[in-house]
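Undergrad:
Numbering (our numbering), first residue to last: 10 to 624.
1. If you pair each beta-carbon of the stretch 236-244 with each one of the stretch 200-215, do three or more pairs fall below 8 Å?
2. Are the beta-carbon atoms of residue 604 and residue 517 separated by less than 8 Å?
3. Return the first residue and the last residue of the beta strand (DSSP E) that residue 200 is part of.
4. For the alpha helix (DSSP H) that contains residue 195, what are its first and last residues?
5. Which residue comes first and which comes last in the beta strand (DSSP E) that contains residue 560?
6. Taking the continuous beta strand (DSSP E) assigned at residue 155, which residues delimit it?
7. Would you report the Cα separation of residue 413 and residue 42, rounded to the nearest angstrom?
8. Suppose you measure from the CA of residue 137 to the CA of residue 49; what does that come to, to the nearest Å?
9. Using CA atoms only, rank isn't needed, just tell me which of 618, 611, 621 is closest to residue 264.
10. Please return the same chain residues whose Cβ sits closer than 7 Å to the Cβ of residue 474, not counting the five positions on each side in sequence.
11. Under 8 Å: do the stretch 498-505 and the stretch 519-537 share three or more Cβ pairs, one atom per stretch?
12. Do you know how far the Cα of residue 135 is from the Cα of residue 96?
13. Report the CB separation of residue 211 from residue 191 in whole angstroms; it is logged as a contact under 8 Å.
14. Indicate whether the contact test is met: 3 or more Cβ pairs, each with one atom in the stretch 347-358 and one in the stretch 268-288, closer than 8 Å.
15. My assumption, with CB atoms under 8 Å, is that residue 574 sits in contact with residue 232. Please give the rounded CB distance.
16. Can you tell which of 589, 130, 148 has the C-alpha that lies nearest to the C-alpha of residue 179?
17. Considering Cα atoms alone, identify which of 216, 173, 196, 159 is closest to residue 182.
18. So, at 8 Å on beta carbons, what are the nonlocal neighbours of residue 308 in its own chain, with the 5 sequence-adjacent residues on each side left out?
19. Just reading off the beta strand (DSSP E) that residue 102 is part of, what are its end residues?
20. With C-beta atoms as the reference, is residue 411 less than 8 Å away from residue 391?
21. What are the boundary residues of the alpha helix (DSSP H) that includes residue 233?
22. Below 8 Å on the Cβ atoms is my contact criterion, and I expect residue 66 with residue 93 to pass it. Report the Cβ-Cβ distance as a whole number of Å.
23. Between residue 57 and residue 255, what straight-line distance do the alpha-carbon atoms span, to the nearest angstrom?
24. Indicate the three-state DSSP secondary structure (helix, strand or coil) for residue 484 in the structure shown.
25. Tell me whether residue 385 is buried or exposed, calling it buried when 16 or more other Cβ atoms sit within 10 Å of its Cβ.
26. Return the first residue and the last residue of the beta strand (DSSP E) that residue 531 is part of.
27. Leaving out five residues before and five after residue 522 in sequence, what residues of the same chain have Cβ atoms less than 6 Å from its Cβ?
28. CB residue 249 to CB residue 409, shorter than 8 Å?
29. Does the beta-carbon distance from residue 535 to residue 545 come in below 8 Å?
30. My guess is that residue 554 and residue 169 are in contact by the Cβ rule of under 8 Å, so how many angstroms apart are they, rounded?
31. Quick one, are the C-beta atoms of residue 166 and residue 614 less than 8 Å apart?
32. Where does residue 142 land, buried or exposed, given buried means 16+ other C-beta within 10 angstroms?
33. How would you label residue 64, buried or exposed, when you count the other beta carbons within 10 angstroms and need 16 or more for buried?
34. By Cβ distance, which residues of its chain are closer than 7 Å to residue 380, with the 5 residues on each side in sequence left out?
35. Tell me where the alpha helix (DSSP H) around residue 34 begins and ends.
36. Measure the alpha-carbon distance for residue 537 versus residue 543 and round it to whole angstroms.
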């Protein structure tokens, strides 16, 4: 099993303080509006709120809870408090309530609490609607939600679209402040690495904030030594591949939300749905989350037999032993049995769904695209997938994977696939293609092939340095991903001698059945190994990335646990597969990876973020 320990891994820091800080600040903000009040909560803040504060804590200051919906709820309270994301449409919702009260002659107090921060655009909308003077505004600096012992999420799924598609930099400040908070509690970080324009901006703003605050973390023992920031657009391929580890498949199939999942009747074998928290506290899940799916059934079967054997021990017990067994072990065994049956049910449900979708054929096509073989055959598979209307999101994902591994589609294939897609799924998806082209996920080669040919000729005639500059210019013109060249340089496609052993994997490629090592994880591995970007100049040129490597204020002591603890920051989302791969690397190298992500993502979420279906 991949979960077998190889080397001692440092214990993760205690992130419980982050929850306590967020909860205490929220209670303080609610108390700033004294007396009884009704609280309106935006829908996508409800799950994060549920993880840090139960309803009884909120009820201490609040009469009734309402969900922010399209139709305003009828509240009878004289004081209304709104806990919201900084969005224009929400400001209009609040303004409608205030203006309706004005029209009816009703006088109330209104307080808006923005999470994680307030934006000028929101204040402008309130002013335009004529209610800015009627409301008081505050910020709930809820930047970080610990989802597990090694995962912290900012719960900002909109970050990906806002920054990478729209070019909106408004969340950069939130990331910088989140890093400042982590550095003050668990730092100081001794070394920072990063790649990507967004990563560079976040890092620089964070350093500015540190200089202004005079570094609260100086003089304390650090728990996290190194930090690595990475933009999602450095590696789209990994995010587009079908996930094969158990946690990734659960996410793709049932959609994990805020660290928990709703298992429906098809899993629970009853008429009820059950909400399950997926983290290290779940003894069954913690042992299979990082495993390749092909190993999971065998493990669950063995676990089931072991559990039965523990139950059977009761038969030979006397009264005293039975009493001890009931008081000390039975409750734990029942809980484990319940979780075991749920995960077996989830596996069966995943198997049924994947069988319907010709999953094996799809994986074969993906592997061909990654390796650069049988491209025509893989294109035919995608066309058939579109024609059969299997799934609009899955069809888009496969088209993007084809495009990004081939440095764009030739004009004939691009037009053909686009036409087939729009005929199969509807013309309302036209804007989606525009978005995918803008972001570089689904592009037309246009002059791409000729550029590649010219580039190879030019490189023979000029010095390497000049060729690098010319290549950079070509990259920006053709929006190429250079995946093939990067893959070759970093050895992302393992050379196999016989079958790849998925039960006892030898490298991070196991997360994709031994066919591909995640580019993002390989970059992190190489940079940490070299303690910088030296020797990776050619890879950087192909990535066309903005890299940095900076020493922090703290003195690095190689023996310390903090130096073996790395904060991996994913800007634009991190997948379960990447987390599984880096956990594997951590076990191999005796280090601990802590994941900070703007949101946990997947191929489906990326495609949905790009989707526009306006008729």
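Note that beta-carbon positions come from the ideal geometry of N, C-alpha and C, so glycine has one too. Everything numeric in this text was worked out from a predicted model, so none of it was measured.
TA: Quick answer:
1. yes
2. Position 595 of the chain shown, counting from 1, holds the residue named residue 604. Position 508 of the chain shown, counting from 1, holds the residue named residue 517. In this structure, residue 604 sits away from residue 517, with a CB-CB distance that is not shorter than 8 Å.
3. Taking the chain shown and counting its residues from 1, the one referred to as residue 200 is at position 191. Its beta strand (DSSP E) spans residues 200-204.
4. Locating residue 195 in the chain shown gives position 186, where the first residue counts as 1. Where residue 195 is concerned, the enclosing alpha helix (DSSP H) stretches over 181-195.
5. Counted from its first residue, the chain shown places residue 560 at position 551. Taken as a continuous stretch (DSSP letters only), the beta strand (DSSP E) holding residue 560 covers 556-560.
6. The residue you call residue 155 lines up with position 146 of the chain shown. Start and end: 154-157.
7. As a working note, residue 413 is residue 404 in the chain shown. As a working note, residue 42 is residue 33 in the chain shown. Straight-line Cα distance between these residues: approximately 52 Å.
8. By one-based count along the chain shown, residue 137 stands at place 128. By one-based count along the chain shown, residue 49 stands at place 40. Looking at the two C-alpha atoms, the distance is approximately 22 Å.
9. In the chain shown, counting from the first residue as 1, residue 264 sits at position 255. For residue 264, the nearest C-alpha among the options comes from 611.
10. Taking the first residue of the chain shown as 1, we reach residue 474 at position 465. Caution applies to residue 474, whose pLDDT of 46 falls short of 50 and renders its modelled position unreliable; the value that the coordinates give is listed next. So the list is empty, once near-sequence residues are dropped.
11. yes
12. In the chain shown, residue 96 corresponds to position 87, counting from 1. In the chain shown, residue 135 corresponds to position 126, counting from 1. Distance between the alpha carbons of residue 96 and residue 135: 11 Å.
13. As a first step, residue 211 must be located in the chain shown, where it is residue number 202. As a first step, residue 191 must be located in the chain shown, where it is residue number 182. Not quite, the Cβ-Cβ distance comes to about 12 Å (not below 8 Å), so this is no contact.
14. Output reads yes: the stretch 268-288 touches the stretch 347-358.
15. Numbered from its first residue, the chain shown carries residue 574 at position 565. Numbered from its first residue, the chain shown carries residue 232 at position 223. Correct: roughly 6 Å between the Cβ atoms.
16. Counting from one through the chain shown, the residue named residue 179 turns up at place 170. Nearest of 589, 130, 148 to residue 179, Cα basis: 130.
17. Position 173 of the chain shown, counted from the first residue, corresponds to residue 182. Residue nearest to residue 182 within the set 216, 173, 196, 159 is 216 (criterion: CA-CA distance).
18. Reading the chain shown from its first residue, position 299 is the one you call residue 308. For residue 308, where only same-chain residues beyond five positions count, the Cβ hits under 8 Å are 10, 296, 297, 300.
19. Residue 102 sits at position 93 when you count from the first residue of the chain shown. No beta strand (DSSP E) holds residue 102; the alpha helix (DSSP H) holding it covers 97-113.
20. The count along the chain shown starts at 1 and reaches residue 411 at position 402. The count along the chain shown starts at 1 and reaches residue 391 at position 382. In contact: residue 411 and residue 391 (Cβ atoms closer than 8 Å).
21. Working through the chain shown from its first residue, we reach residue 233 at position 224. Boundaries for residue 233: no alpha helix (DSSP H) harbours it, and the DSSP string shows neither H nor E there.
22. Within the chain shown, numbered from 1, the residue matching residue 66 stands at position 57. Within the chain shown, numbered from 1, the residue matching residue 93 stands at position 84. Not a contact, Cβ separation roughly 19 Å.
23. Against the chain shown, residue 57 aligns to sequence position 48. Against the chain shown, residue 255 aligns to sequence position 246. Taking the straight line joining both Cα atoms gives about 23 Å.
24. Reading the chain shown from its first residue, position 475 is the one you call residue 484. Note on residue 484: pLDDT 37, under 50, position unreliable in the model; the coordinate value appears next. Helix, per DSSP.
25. Along the chain shown, one-based indexing puts residue 385 at 376. Exposed is the call here.
26. For the purposes of this step, residue 531 is identified with residue 522 of the chain shown, where counting begins at 1. Careful: residue 531 lies outside any beta strand (DSSP E), inside the alpha helix (DSSP H) at 528-539.
27. Locating residue 522 in the chain shown gives position 513, where the first residue counts as 1. So the list reads 253, once near-sequence residues are dropped.
28. Here the question's residue 249 lines up with position 240 in the chain shown. Here the question's residue 409 lines up with position 400 in the chain shown. Yes.
29. Residue numbering aside, residue 535 sits at position 526 when the chain shown is read from its first letter. Residue numbering aside, residue 545 sits at position 536 when the chain shown is read from its first letter. Yes, the pair counts as a contact, with Cβ atoms nearer than the cut-off.
30. In the chain shown, the residue the question calls residue 554 occupies position 545. In the chain shown, the residue the question calls residue 169 occupies position 160. Contact doesn't hold; Cβ gap of about 17 Å is too wide.
31. To locate residue 166, count along the chain shown from 1; it is residue 157. To locate residue 614, count along the chain shown from 1; it is residue 605. Yes, these two residues count as a Cβ contact at 8 Å.
32. Sequence index remark: in the chain shown, residue 142 carries index 133 (1-based). Label assigned to residue 142: exposed.
33. The residue you call residue 64 lines up with position 55 of the chain shown. Classification for residue 64: exposed.
34. Position 371 of the chain shown, counted from the first residue, corresponds to residue 380. Excluding sequence neighbours, residue 380 sits near 502.
35. In the chain shown, residue 34 corresponds to position 25, counting from 1. 25-40 is the span of the alpha helix (DSSP H), which, as asked, contains residue 34.
36. Position 528 of the chain shown, counted from the first residue, corresponds to residue 537. Position 534 of the chain shown, counted from the first residue, corresponds to residue 543. Each residue's alpha carbon lies about 11 Å from the other.
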